[in-house]
Structure formats: C-alpha cells, structure tokens
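Using UniProt numbering, the first residue of the sequence shown is number 1, and each one after it goes up by one. Notes to accompany the following structure.
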Amino acid sequence: MRYHNITKDDMLNGKGLRSVLWLAGCDHACPGCHNPITWSLQGGIVFDDDAKQELFASLDNDYIDGVTLSGGDPLNLHNRKDVTELVKELKEKFPKKSIWVYTGYLYDDVKDIELMAYIDVLVDGKFIEAQLSPTTPWVGSSNQKVIDVKATRAQEKIVEV
C-alpha cells in the first residue's frame, strides 16, 4: 500500500479533529477531483512501519477524535487487503477513536467486505462536478452520502450521519 500524506489536526474530513491518511490509487478518475495526484497506484511512498507509527502517534493525542482514510480510494481493489488490516489494528489499538473511510464506491457495492465491520462512517459515491456541494459537510458533491455504518448494518437500511 502506498500513501501521499498524513494530515494531522484536520477538521474538514470527518467529525471532530482528525488524522487523515491520504492513500494512493483510484480508478474512478472523477472529473474535477480535488486530489488527482493520488490516482496512481505507484504514486506517493510506501506505507511502512515508520508511516504507521507516525499515524498512531498522531492518534495518541486525546484531542484527536479519530482517523479518516481518503485518497485516492482506500477501497481500490489493490488497497483493500492492506487497508482492512490497518483498520483492524486501528480499532484494536484505538477503540474509542472513530474510523471514517471515503470511497467512490457505493455502500451497496462494498457493504459485505470485511473492512466494513471495523469502520464507523463510510462516505460513499463518486465526486460529480455538476453536483458540487461546497456547503454540505464532509462531501464534495450532493450525491455522496455520509453513512453511519453500524446503524446501517443494524437497521439493514442506509442511515446517514
């Protein structure tokens, strides 16, 4: 797995103050994407133990509410195995921190993958430039949904945050 950056003390990519891991690899190639540099799977640098420790150190701060995985697309087929292992470890090490994942896939397309058992919020859907929504929190376009994964799984219908 490769990544481009770890943003600390972020207030734009999920509820509260967060650490954000920007992963490499996205096949959606949405026109108007705010981060096209992350599309290539070969971009960025290897997410090694030093990078993981940097991420974990940022989450050790009590004032950090959680971690957000974005990119790129954390659920790109090439990222899923490594991202699943990472979120398992995050949930074990930081059980009180929320885990948000941004993806261009729709909830129904990824609801059954293993990773969904460990995350709290999924922001789903491709960015659609014609539906730009700069005033809606946590999304780029109005078609995207901010989904409470645990409530959605329990109620068997999409529950938005």
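Backbone N, C-alpha and C fix where the C-beta goes; we use that ideal spot for every residue, glycine too. Remember, predicted model here, so these are calculated numbers, not experimental data.
To which residues of the same chain is residue i closer than 7 angstroms at the C-beta, ignoring the five residues directly before and after it?
i, result
"residue 16", "65, 66"
Determine the direct distance from the alpha carbon of residue j to that of residue i, and round the result to whole angstroms.
i, j, result
"residue 108", "residue 37", "27 angstroms"
"residue 122", "residue 47", "22 angstroms"
"residue 34", "residue 25", "14 angstroms"
"residue 114", "residue 84", "7 angstroms"
"residue 30", "residue 117", "27 angstroms"
"residue 150", "residue 42", "33 angstroms"
"residue 153", "residue 90", "20 angstroms"
Going by DSSP, what residue range makes up the beta strand (DSSP E) through residue i?
i, result
"residue 123", "121 to 124"
Can you tell which of the options has its C-alpha closest to the C-alpha of residue i?
i, options, result
"residue 13", "146, 81, 150, 44", "146"
"residue 19", "89, 41, 32, 57", "57"
Exposed or buried, which one is residue i when buried takes at least 16 other CB atoms within 10 Å?
i, result
"residue 79", "buried"
"residue 11", "exposed"
"residue 63", "exposed"
"residue 44", "buried"
Residue range of the alpha helix (DSSP H) that residue i falls in?
i, result
"residue 81", "80 to 93"
"residue 21", "Here residue 21 belongs to no alpha helix (DSSP H); instead the beta strand (DSSP E) covers 18 to 23."
Excluding the 5 residues preceding and the 5 following residue i in the sequence, name in chain order all residues of the same chain whose CB lies nearer than 8 angstroms to its CB.
i, result
"residue 143", "125, 126, 128, 131"
"residue 160", "145, 146, 147, 148"
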